[in-house]
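Colleague: This structure is in structure tokens; I'll ask about it shortly.
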Amino acid sequence: MYRKGPGLAAEVILPRIQNGKTKASFPLTSKPPPPQPKRTSRLIQIHNSGISVELTLGSKGQRRSMSSAASDTYPQTAPAPPLQVYSALDKGCLDYSKSWAWQHTLLSRRLAMRRALQENDSDCVLLLEHAPVYTLGRGSDEGHITFLSTSANEQEELLRVEQRQQLSRRARGPGTARLAVDRRVDDVVGNLPLDEAIQQLSDMASPVLAPNGVPIFRVERGGEVTWHGPSQLVVYPLLDLQREPYQKDLHWYLRMIEEVVIQTLKHYDIDGDRDEENTGVWVNDEKVAAVGISSSRWITTHGFALNLDPNLEYFDASMIVPCGIEGKGVTSIAKIMRERGDARIPGLQEVAVVVLEAMMDVFQLSDLQVAESPKLDNSNNKSQ
């Protein structure tokens, strides 16, 4: 449910769910009902300036029910430390290279704290929207970028050969489209303030440009080729899987990330599901969320991209083979809702709130804290 509220971009009413059934709901701008046994309530507010979180915790106990694939195989344990929430959704579309640099600067500083035996580093999650970009995972086949396939035109083919070489899995160093740092990030950016460190790392990027001007990068995440862009919610959790309630198991983590998306879709009465062979979340045979992760010493980076209302033409087979999977399509929350006659499509910040709710339930998190995002210059961005 949704309605406008004074002083807010929107007032969202999140259902309180137990055993998979909606029991009651309460507006995010008012106090929730008194806590009841086996129930945890919380207020996550969307302001014009971003997201704020207030928690009202009741007795520990059962939370939102998970799908059997998650709950039966991966039991949950004790609450994790507070999760720091960085939202750049109020900053417009963010260059991919900046989001990559943001993740790796945070990761580098966490690893440095670990080497110094400091234990006060916090898990965090980045919420953002990308400027248009194509990315390939570490093992992705550049042949899945359809518009770089062999051309009969000699000059055009010479250019495409060069671009394929820049995107190759073997490509390294300056002049390639591989977003990676082959030495410690803190050796590159030192003790610069966060926003300056992000800018310095971002400036190292040398993308290949698609015919429509969209940059293409190869990155260290798992998975194949995909597109990111406007009206797609991108969520990058940086979680230390060595801590409870997490597990040192990337397959477990992938299933939990998929479960977060499935629970988010359930809020909008959309039945998301897994595919036995392909990572991600699907509605029928169409992918609604791409999942690709990486980790360094069990701290995760990258995450998932949930299609709210993007231009699905960017996923067309004439451009790419999405996630390297032929014969399957791509869909979005908006497309599904319009097809069933819904008049209102949720905004990115509203969906981000539902995602945070789902993360708290799936990972059994007891607390969220909103962190101040760095200053990110998006003045050159254009939504294509």
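Letter 369 of the sequence shown, counting from 1, is numbered 369 in full-length UniProt numbering, and no numbers are missing.
The beta-carbon is built from N, C-alpha and C at its ideal position, and this holds for glycine as well.
None of the values given here were measured: they were computed from a predicted structure.
Taking residue 388 as part of the beta strand (DSSP E), name the residues at either end of that continuous run.
Modeller: What the structure shows of the chain is the stretch from 1 to 384, and residue 388 is not part of that stretch, so it cannot be assessed.
Colleague: Mind pulling the beta strand (DSSP E) runs of 3 or more residues that sit fully within the stretch 230 to 294?
Modeller: 232 to 238, 281 to 283
Colleague: Within 10 Å of its beta-carbon, does methionine 113 have 16 or more other beta-carbons around it, so buried, or fewer, so exposed?
Modeller: For this step, residue 113 is matched to residue 113 along the sequence shown. Per the 10 Å Cβ criterion, exposed.
Colleague: May I ask you to report which of helix, strand or coil DSSP gives leucine 308?
Modeller: Within the sequence shown, residue 308 is the residue found at index 308, counting from 1. Coil, per DSSP.
Colleague: Going by DSSP, what residue range makes up the beta strand (DSSP E) through glutamine 118?
Modeller: Walking along the sequence shown from the start, residue 118 turns up at place 118. No beta strand (DSSP E) holds glutamine 118; DSSP gives it neither H nor E.
Colleague: Bridge partners of threonine 217, per DSSP?
Modeller: Along the sequence shown, one-based indexing puts residue 217 at 217. Here residue 217 is phenylalanine; the residue named in the question, threonine, does not match the sequence. DSSP, once it has assigned bridges, lists Thr135 as partnering phenylalanine 217.
Colleague: For valine 214, which residues from the same chain have a beta carbon less than 7 angstroms from its beta carbon, with the 5 sequence-adjacent residues on both sides left out?
Modeller: To locate residue 214, count along the sequence shown from 1; it is residue 214. These residues qualify, in order along the chain: Pro132, Val133, Tyr134, Gln384.
Colleague: Does the distance from the C-beta atom of alanine 289 to that of leucine 306 stay below 8 angstroms?
Modeller: Taking the first residue of the sequence shown as 1, we reach residue 289 at position 289. Taking the first residue of the sequence shown as 1, we reach residue 306 at position 306. In contact: alanine 289 and leucine 306 (Cβ atoms closer than 8 angstroms).
Colleague: Within the same chain, show all residues whose beta-carbon is closer than 8 angstroms to that of alanine 343, passing over the 5 residues directly before and after it, in chain order.
Modeller: The count along the sequence shown starts at 1 and reaches residue 343 at position 343. None.
Colleague: Is asparagine 48 helix, strand or coil by DSSP?
Modeller: In the sequence shown, counting from the first residue as 1, residue 48 sits at position 48. Any reading at asparagine 48 must be qualified, since the residue scores a pLDDT of 47, below 50, and its modelled position is unreliable; the value itself is stated next. Of the three classes helix, strand and coil, the one that applies to asparagine 48 here is coil, per DSSP.
Colleague: Would you check if the distance between the CB atom of valine 351 and the CB atom of glutamate 286 is smaller than 8 angstroms?
Modeller: The residue labelled residue 351 in the question sits at position 351 within the sequence shown. The residue labelled residue 286 in the question sits at position 286 within the sequence shown. In this structure, glutamate 286 does not lie closer than 8 angstroms to valine 351 by Cβ.
Colleague: Please determine, among Ile336, Leu233, Glu258, the residue with the shortest C-alpha to C-alpha distance to aspartate 269.
Modeller: As a first step, residue 269 is located in the sequence shown; it is residue number 269 there, counting from the start. The shortest C-alpha separation from aspartate 269 is found at Ile336.
Colleague: Between which two residues does the alpha helix (DSSP H) harbouring valine 354 extend?
Modeller: Counting from 1 along the sequence shown, the entry for residue 354 is found at position 354. Unbroken alpha helix (DSSP H) run through valine 354: 348 to 362.
Colleague: So, for tryptophan 298: in the same chain, excluding its five sequence neighbours on each side, which residues have a beta-carbon less than 7 angstroms away from its beta-carbon?
Modeller: Locating residue 298 in the sequence shown gives position 298, where the first residue counts as 1. The residues are Asp240, Leu241, Gln242, Lys248.
Colleague: Measure the alpha-carbon distance for glutamine 103 versus phenylalanine 217 and round it to whole angstroms.
Modeller: Within the sequence shown, numbered from 1, the residue matching residue 103 stands at position 103. Within the sequence shown, numbered from 1, the residue matching residue 217 stands at position 217. So the two alpha carbons sit approximately 16 angstroms from each other.
Colleague: So what's leucine 127 in DSSP terms, helix, strand or just coil?
Modeller: Counting from one through the sequence shown, the residue named residue 127 turns up at place 127. Strand, per DSSP.
Colleague: DSSP on serine 206, reduced to helix/strand/coil?
Modeller: Residue mapping note: residue 206 aligns to position 206 of the sequence shown, counting from 1. DSSP places serine 206 in coil when its eight states are reduced to three.
Colleague: Straight-line CA distance for tryptophan 282 to lysine 266?
Modeller: The count along the sequence shown starts at 1 and reaches residue 282 at position 282. The count along the sequence shown starts at 1 and reaches residue 266 at position 266. So the two alpha carbons sit approximately 12 angstroms from each other.
Colleague: Bridge partners for tryptophan 227 per DSSP, in chain order?
Modeller: Taking the sequence shown and counting its residues from 1, the one referred to as residue 227 is at position 227. In the DSSP output, where bridge partners are listed per residue, tryptophan 227 has Tyr134.
Colleague: Would you mind reading off the limits of the alpha helix (DSSP H) that contains arginine 340?
Modeller: Indexing the sequence shown from 1 puts residue 340 at position 340. Counting along the chain, arginine 340 falls outside any alpha helix (DSSP H), and DSSP gives it neither H nor E.
Colleague: Under 8 angstroms between the Cβ atoms of aspartate 99 and leucine 128?
Modeller: Taking the sequence shown and counting its residues from 1, the one referred to as residue 99 is at position 99. Taking the sequence shown and counting its residues from 1, the one referred to as residue 128 is at position 128. Note that residue 99 is serine in the sequence shown, not aspartate. In contact: serine 99 and leucine 128 (Cβ atoms closer than 8 angstroms).
Colleague: Between which two residues does the beta strand (DSSP E) carrying tyrosine 86 extend?
Modeller: Here residue 86 refers to the residue found at position 86 when the sequence shown is read from its first residue. Unbroken beta strand (DSSP E) run through tyrosine 86: 83 to 87.
Colleague: Going by DSSP, what residue range makes up the beta strand (DSSP E) through leucine 368?
Modeller: Taking the first residue of the sequence shown as position 1, residue 368 is located at position 368. Residues 368 to 370.
Colleague: Only counting the same chain, and skipping five residues up and downstream in sequence, which positions put a Cβ closer than 7 angstroms to that of leucine 254?
Modeller: Position 254 of the sequence shown, counted from the first residue, corresponds to residue 254. Result list for leucine 254: Thr279, Val291, Ile293, in chain order.
Colleague: Using the rule of at least 16 other Cβ atoms within 10 Å of the residue's Cβ for burial, across every protein chain shown, is glutamine 369 buried or exposed?
Modeller: In the sequence shown, residue 369 corresponds to position 369, counting from 1. With fewer than 16 neighbouring CB atoms inside 10 Å of its own CB, glutamine 369 falls in the exposed class.
Colleague: Give me, in chain order, the residues of the same chain whose beta-carbon lies closer than 7 angstroms to that of alanine 101; leave out the 5 immediate sequence neighbours on both sides.
Modeller: The residue given as residue 101 occupies position 101 in the sequence shown. Within the same chain, alanine 101 has close Cβ partners Ile198, Leu201, Ser202.
Colleague: Within the same chain, show all residues whose beta-carbon is closer than 8 angstroms to that of isoleucine 257, passing over the 5 residues directly before and after it, in chain order.
Modeller: Indexing the sequence shown from 1 puts residue 257 at position 257. Excluding residues within five positions, the ones whose Cβ falls inside 8 angstroms are Pro237, Val291, Ile293, Gly303, Phe304.
Colleague: Taking all protein chains shown into account, decide if alanine 358 is buried (16 or more other Cβ within 10 angstroms of its Cβ) or exposed.
Modeller: For the purposes of this step, residue 358 is taken as the residue at position 358 of the sequence shown. Buried is the call here.
Colleague: Under a three-way DSSP split, which group does isoleucine 299 fall into?
Modeller: In the sequence shown, the residue the question calls residue 299 occupies position 299. DSSP places isoleucine 299 in strand when its eight states are reduced to three.
Colleague: For lysine 60, collect the residues of the same chain with a Cβ closer than 6 angstroms to its Cβ; drop the 5 residues on either side in sequence, then sort them by chain order.
Modeller: Mapped onto the sequence shown, residue 60 falls at position 60. Because the pLDDT at lysine 60 is just 32, under 50, the model does not fix this residue reliably, and the value given afterwards should be weighed accordingly. Counting only Cβ-Cβ distances below 6 angstroms, and skipping sequence neighbours, we find nothing.
Colleague: If we ignore side chains and look at the alpha-carbon of each, how far apart do valine 235 and leucine 126 end up?
Modeller: Here the question's residue 235 lines up with position 235 in the sequence shown. Here the question's residue 126 lines up with position 126 in the sequence shown. Between the alpha carbons of valine 235 and leucine 126 lies a gap of roughly 6 angstroms.
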